[in-house]
């Protein structure tokens with residue numbers, strides 16, 4: 001039976017392994033493009049565009065997520081107990097208390113966003129407050145605080161930047177290949193050209209799969225860190241079971257913010273096939289529950 005600390009270390013190692021895979025994909029794509037077109041100028045344009053677009057999303061991630069979900073700030077008088085739980089957990093975690101928001105939605109869910117602990121927000125749905133007891137709610141809030149403490153917004157921004165960069169560069173060079181000639185080398189090395197086109201086509205798919213794998217791994221890490229914070233893994237495990245039992249999607253489910261939530265906002269898809277799991281932002285709930293139940297405090 002793995003300890004919480006062992007689970008944390010394992011997930012951190014796997015995250016760095018996946019990020020290394022990202023760099024390999026980017027380097028391979030850049031090398032083939034440089035070989036085929038003998039020009040790196042357009043790479044700088046693509047890098048600049050991807051960085052500006054994603055740094056903007058990172059800097060204002062809290063505002064983007066709150067607006068997309070229609071979240072409203074939680075009145076301290078109306079939600080006094082919720083504020084108290086979050087504050088106590090934040091003190092235990094050694095983090096500033098995030099701003100607390102409420103999403104008017106029957107689907108039980110929650111998310112954390114913000115570029116750093118000093119600019120973080122936590123939002124929960126009204127459905128979550130109705131369905132969970134105190135220990136389960138503590139588990140969910142601890143999970144969200146762990147995302148903040150683990151700098152998951154930064155990690156996922158790096159993943160999104162790299163995936164976006166690969167997709168943009170691949171699209172540009174694919175168009176150049178078919179509509180603007182075959183590049184500086186023309187047909188001098190047809191095998192290299194074929195290999196290059198194959199890499200350009202497959203690289204965005206690989207980058208997207210790695211990004212999703214990073215997202216799933218960070219969920220496992222936040223589960224372990226959250227359980228370590230409350231010292232009660234069963235609370236979060238029970239909360240995940242209740243959340244997954246609600247199959248209806250959130251009214252304002254959005255693909256751009258789906259990875260932020262504790263559970264897929266488009267509804268539970270338990271027992272999904274292997275390919276579906278690979279393209280999911282979240283690991284199957286039964287796997288998360290199994291990992292939590294198997295931990296020792």
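In our numbering, the protein residues as written are 1 to 297.
All residues carry an ideal CB built from backbone N, CA and C; glycine is no exception.
These numbers were taken from a predicted model, which means no experiment stands behind them.
Close Cβ partners of residue i (< 6 Å) along its chain, the five nearest in sequence each way excluded
{"i": "residue 170", "result": "200, 203, 204"}
{"i": "residue 207", "result": "25, 163, 166"}
{"i": "residue 258", "result": "265, 281"}
{"i": "residue 68", "result": "254, 257"}
{"i": "residue 106", "result": "127"}
{"i": "residue 73", "result": "101"}
{"i": "residue 123", "result": "71, 101, 103, 111"}
{"i": "residue 117", "result": "95, 96, 148"}
8 Å CB neighbourhood of residue i in its chain, flanking five on each side removed
{"i": "residue 29", "result": "166, 169, 170, 199, 200, 203"}
{"i": "residue 150", "result": "218, 221, 222, 225"}
{"i": "residue 31", "result": "none"}
{"i": "residue 174", "result": "197, 200, 201"}
{"i": "residue 85", "result": "134, 137, 138, 141"}
{"i": "residue 109", "result": "103, 124, 125, 127, 128, 243, 250, 261, 262, 263, 265"}
{"i": "residue 59", "result": "115"}
{"i": "residue 241", "result": "285, 289"}
{"i": "residue 76", "result": "83"}
{"i": "residue 248", "result": "106, 107, 267"}
Start and end residues, alpha helix (DSSP H) containing residue i
{"i": "residue 134", "result": "134-149"}
{"i": "residue 67", "result": "61-69"}
{"i": "residue 243", "result": "233-244"}
{"i": "residue 126", "result": "126-131"}
{"i": "residue 291", "result": "285-293"}
Buried/exposed call for residue i, threshold 16 Cβ in 10 Å
{"i": "residue 301", "result": "In this structure the chain extends from 1 to 297, so residue 301 is not present and cannot be described."}
{"i": "residue 278", "result": "exposed"}
{"i": "residue 217", "result": "buried"}
{"i": "residue 271", "result": "Annotation note: pLDDT 49 at residue 271 (below 50); position unreliable, coordinate value reported separately. Per the 10 Å Cβ criterion, exposed."}
{"i": "residue 17", "result": "exposed"}
{"i": "residue 13", "result": "exposed"}
{"i": "residue 245", "result": "exposed"}
{"i": "residue 133", "result": "exposed"}
{"i": "residue 91", "result": "exposed"}
{"i": "residue 138", "result": "buried"}
{"i": "residue 191", "result": "exposed"}
{"i": "residue 159", "result": "buried"}
{"i": "residue 276", "result": "exposed"}
{"i": "residue 121", "result": "buried"}
Which of helix, strand or coil DSSP assigns to residue i
{"i": "residue 347", "result": "Outside the displayed span of the chain (1 to 297) sits residue 347, for which this structure offers no information."}
{"i": "residue 79", "result": "coil"}
{"i": "residue 99", "result": "strand"}
{"i": "residue 261", "result": "strand"}
{"i": "residue 251", "result": "coil"}
{"i": "residue 123", "result": "strand"}
{"i": "residue 280", "result": "coil"}
Close Cβ partners of residue i (< 7 Å) along its chain, the five nearest in sequence each way excluded
{"i": "residue 143", "result": "222, 223, 226, 236, 262"}
{"i": "residue 119", "result": "62"}
{"i": "residue 65", "result": "111, 113, 257, 260"}
{"i": "residue 93", "result": "145, 149, 229"}
Residue span of the beta strand (DSSP E) that contains residue i, given as start and end
{"i": "residue 113", "result": "110-113"}
Residue i at chain D interface by Cβ criterion, 8 Å
{"i": "residue 85", "result": "Structure shown: chain D not included; a single protein chain is present."}
- Query: Taking one C-beta from the region 223-235 and one from the region 75-86 each time, how about it: are there three or more such pairs within less than 8 Å?
  - Reply: no
- Query: Taking three-plus beta-carbon pairs below 8 Å as touching, is the region 206-217 in contact with the region 92-105?
  - Reply: no
- Query: Do the region 152-160 and the region 125-142 meet, that is, are 3 or more Cβ pairs less than 8 Å apart?
  - Reply: no
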